[in-house]
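Trainee: 453 is the number that our numbering gives to position 44 of the sequence shown; each next residue is one higher, with no gaps. The beta-carbon is built from N, C-alpha and C at its ideal position, and this holds for glycine as well. Bear in mind that the values here come from a model prediction, so they are computed numbers and not experimental data.
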Amino acid sequence: MKYLYFPDTFQYAGSVSDETDVPFCLGVAPPANSGPGSVVVADPASGNWVIRAETAAELAAAKTAQTSIINAACNQALAAITTAYPDLEVATWGQQLAEATAYTANNAATTLLLSAIAQASGQAVAALAAGVLQKSAPYLAASGAAIGKRLSLTAQIAGAATVAAVKSISWS
410 MKYLYFPDTF
420 QYAGSVSDET
430 DVPFCLGVAP
440 PANSGPGSVV
450 VADPASGNWV
460 IRAETAAELA
470 AAKTAQTSII
480 NAACNQALAA
490 ITTAYPDLEV
500 ATWGQQLAEA
510 TAYTANNAAT
520 TLLLSAIAQA
530 SGQAVAALAA
540 GVLQKSAPYL
550 AASGAAIGKR
560 LSLTAQIAGA
570 ATVAAVKSIS
580 WS
């Protein structure tokens, strides 16, 4: 069995059969566990695996990578909420909510967007404003939950002291 390592980090990358001709490999298996705050890396000169402390750069790279994974998961969760609507319509939701809230408080309030939507769709501004307010509550709750989860997880990542701790933080 040959045990592969990444040429840039010397960290374990998997194994292949002895018959496979590959560079960047050792003939001995890496240790199963390096312990918290340490990493197993290949030492090609000696043909062995060594355990050393994680570097600040490795921890920073792990934090950056895991934050990107969390952000992508949050984007997927938010996209699932709005998937039934065109993107440019979703972009108007903040303005629609502001106008619906203002109209509900004072039906003489200026509602340029709601008035245009109401006229084009054949609805009354009052009915449209009520519909916007009704639909906004579940959307705000769901998007707030996803954003709050992202903030919590990225704070955990920022506070993690080891690469293993960083990698253990996930969206699911």
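Where does the unbroken alpha helix (DSSP H) through residue 423 begin, and where does it stop?
Mentor: Unbroken run through residue 423 is the beta strand (DSSP E), 421-425; no alpha helix (DSSP H).
Trainee: What would DSSP say about residue 431, mapped onto helix, strand or coil?
Mentor: It is coil, neither helix nor strand.
Trainee: Going by other Cβ atoms of all chains shown within 10 Å of its Cβ, with 16 needed for buried, is residue 530 buried or exposed?
Mentor: With fewer than 16 other Cβ atoms within 10 Å, it is exposed.
Trainee: Give a yes or no on whether the C-beta atoms belonging to residue 537 and residue 527 are separated by under 7 Å.
Mentor: Against a cut-off of 7 Å, the Cβ pair of residue 527 and residue 537 comes out as a contact.
Trainee: Assign residue 490 to one of three DSSP states: helix, strand, or coil.
Mentor: Helix at residue 490.
Trainee: Output the residue ranges of the beta strand (DSSP E) runs that lie fully inside the segment 444-507 and measure 3 residues or longer, sorted by chain position.
Mentor: Correct list: 447-452, 457-462.
Trainee: Just reading off the alpha helix (DSSP H) that residue 439 is part of, what are its end residues?
Mentor: No alpha helix (DSSP H) contains residue 439, which DSSP labels as neither H nor E.
Trainee: Taking the alpha-carbon positions, what's the residue 457 to residue 572 distance?
Mentor: Distance between the alpha carbons of residue 457 and residue 572: 22 Å.
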